[in-house]
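Below: one structure, written as structure tokens.
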Amino acid sequence: MAPRVNEGTSKKGMNRGAWTHEEDQKLSQFIQLHGAKRWKTIAIKSGLNRCGKSCRLRWLNYLRPNIKRGNISNEEEDLILRLHRLLGNRWSLIAGRLPGRTDNEIKNYWNSHLCKKLMNKNNEKARAPAQQQPSPPAKEASRSEPREPTTTSDENEGTNGPVAAALNPPEINFNVNELFDFSMEGCHGLDWVNRFLELEEDGLMNSERR
DNA sequence: AACACCGGCAACCGCCAGCAC
DNA sequence: GGTGCTGGCGGTTGCCGGTGT
């Protein structure tokens, strides 16, 4: 997509809107020299008239090395779907399972593509004779407890709107927080996700065989 | 050709946790 | 313990291009 026109400044006279090529270069060069930490300092010292948050976002989502953009494969899509069923809207955790993908990209992909797909699927199911009772909503994981999460399935029709309404996890009914220690999460704490996905795959295979 | 509408996505915003002092 | 700062996260906004009428 064509970049947004870079216009307008914030209250404090900061640049806003789309990043220019020049700004990207400045930021990349500065980070290569000084590392990606202390974003506020980076924002000031690099001479970019941007806030630290904006610099961080730009770096993480676009300038970082080894970033993959676009062309989400079927495998990746499948993984996103399954991880979302498990984790809810915890995009950063989901992104952690997809090398080179960012939480922002996954979130956007979900909201624009997968959400609709699921809605369609569910509509089809709804039209079919209601043979199976919807299982009671499982409490989803919240970010290591705090932030009364956006995605407790209890409130599926509420805070998460159509997205959550589209998701009624039929086969997974447990409280992830009860089973896993989220204090261990992070790139090394994701083994349990791998294990879960393996188990889930086995489950799917078995149910398909039946 | 002109306009309206819609979808995709980059960027922003607000909230919260963790840390230092 | 209180306060301020910083970074991380998820939700939301708004621009732009594509498509339909």
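All letters in the first sequence, in the order written, are residues 4 to 213 by my numbering.
By construction, the Cβ of each residue, glycine as well, lies at the ideal position given by its N, Cα and C atoms.
All values derive from a computational prediction rather than experimental measurement.
Q: Determine the extent of the alpha helix (DSSP H) in which I45 is found, giving its start and end residues.
A: Here residue 45 is taken as the residue at index 42 of the first sequence, counted from 1. Counting along the chain, the alpha helix (DSSP H) containing I45 begins and ends at 42–48.
**Q.** Coil, strand or helix - N18 by DSSP
**A.** For the purposes of this step, residue 18 is taken as the residue at position 15 of the first sequence. Under the three-state reduction of DSSP output, N18 falls in the strand class.
Q.
Can you list, in chain order, the residues of its chain with a C-beta nearer than 6 Å to that of K43? Leave out the 5 residues immediately preceding and following it.
A. Numbered from its first residue, the first sequence carries residue 43 at position 40. The answer, listed in chain order, is G55.
Q) R96 by DSSP, collapsed to three states: which one? A) Along the first sequence, one-based indexing puts residue 96 at 93. Reading the sequence as shown, one finds Leu at residue 96 and not Arg. Helix at L96.
Q. If you run the structure through DSSP and keep just helix, strand and coil, what is G216?
A. The chain is shown from 4 up to 213; residue 216 falls before or after that span and cannot be answered.
**Q.** Nearest-angstrom Cα separation, counted from Q35 out to L182
**A.** As a working mapping, residue 182 is identified with position 179 in the first sequence. As a working mapping, residue 35 is identified with position 32 in the first sequence. Bear in mind that the predicted position of L182 carries a pLDDT of just 45, short of 50, making it unreliable; the figure below should be weighed with that in mind. Spanning the alpha carbons of L182 and Q35 requires a straight line of approximately 41 Å.
Q: Let me know if R111 comes out buried or exposed under the rule of 16 or more other beta-carbons within 10 Å of its beta-carbon.
A: Residue 111 sits at position 108 when you count from the first residue of the first sequence. Checking the sequence, you will find Asn at residue 111 rather than Arg. Around the beta carbon of N111, fewer than 16 other beta carbons sit within 10 angstroms, so the residue counts as exposed.
Q: For R72, count neighbouring C-beta atoms within 10 Å of its own C-beta (all shown protein chains included) and say buried if the count is 16 or more, exposed if not.
A: Looking up residue 72 in the first sequence gives position 69. Per the 10 Å Cβ criterion, exposed.
Q.
So, does the region 53–69 touch the region 80–97, judging by three or more C-beta pairs under 8 Å?
A. No, they do not touch.
Q.
Give me, in chain order, the residues of the same chain whose beta-carbon lies closer than 6 Å to that of S31; leave out the 5 immediate sequence neighbours on both sides.
A. As a position in the first sequence, residue 31 is number 28, starting the count at 1. The residues are L66.
Q.
Buried or exposed for S49, going by 16 or more other Cβ atoms inside 10 Å?
A. Here residue 49 is taken as the residue at index 46 of the first sequence, counted from 1. S49 counts as buried, since no fewer than 16 other beta carbons sit within 10 angstroms of its beta carbon.
Q | Best match in T23, N74, I83 for proximity to S57 [C-alpha to C-alpha] | A | Taking the first sequence and counting its residues from 1, one reaches residue 57 at position 54. The residue among T23, N74, I83 with its C-alpha nearest the C-alpha of S57 is T23.
(Q) Would I70 and T105 qualify as a contact pair, given that the criterion is a beta-carbon distance under 8 Å? (A) For the purposes of this step, residue 70 is taken as the residue at position 67 of the first sequence. For the purposes of this step, residue 105 is taken as the residue at position 102 of the first sequence. The answer is yes: Cβ separation under 8 Å.
**Q.** Alpha-carbon to alpha-carbon, R53 and M187
**A.** The residue you call residue 187 lines up with position 184 of the first sequence. The residue you call residue 53 lines up with position 50 of the first sequence. The predicted model places M187 with a pLDDT of 42, which falls under 50 and marks its position as unreliable; any figure quoted below should be read in that light. Take the alpha-carbon of M187 and the one of R53: they are about 34 Å apart.
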